[in-house]
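According to my numbering, the sequence shown is numbered sequentially starting from 26.
Single-structure report; data block below.
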Amino acid sequence: MSIIIKPIITEKITKEGEVFNRFGFVVDRKANKVEIKKAVEAAYGVSVESVNTMNYRADRTTKYTKSGLITGKTSAYKKAVVQVKEGETIDFYTNI
């Protein structure tokens, strides 16, 4: 389970899951598509048709506040959108 970090649960990904059988995950930055496919199939027991990956860079921000200048940074991460076969689904909301 070190490849899949967490599922992405947003309005857009949830709608794609209902309509197109696509589900999103934050994955390890060094994982490739074959490893992601095997990890999802092993963890959720579904057949994966395709995997699309996106790398997001770290963003640096600067805020001007009363107490002075505050700088920050968001983490870089890799997102994978996995399409499962027709008729199969992944349920993130039940605790089994």
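Each residue gets a CB set at the ideal place from its N, CA and C atoms; glycine is no exception.
Is the beta carbon of residue i less than 8 Å from the beta carbon of residue j?
| i | j | result |
| --- | --- | --- |
| Val76 | Ile61 | yes |
| Thr86 | Gly97 | yes |
| Val51 | Tyr102 | yes |
| Gly49 | Lys88 | no |
| Val107 | Val73 | yes |
Could you name the residues that DSSP lists as bridge partners for residue i?
| i | result |
| --- | --- |
| Ser75 | Gln108 |
| Phe48 | Val107 |
| Lys31 | Val51 |
| Lys88 | Ile95 |
Compute the beta-carbon to beta-carbon distance between residue i and residue j, rounded to the nearest angstrom, for a pair I have assumed lies under 8 Å.
| i | j | result |
| --- | --- | --- |
| Glu111 | Asn46 | 7 Å |
| Ala64 | Ile29 | 5 Å |
For residue i, report the span of its alpha helix (DSSP H) as first-last.
| i | result |
| --- | --- |
| Ile95 | Element bounds for Ile95: not the alpha helix (DSSP H) but the beta strand (DSSP E), Gly93 to Lys98. |
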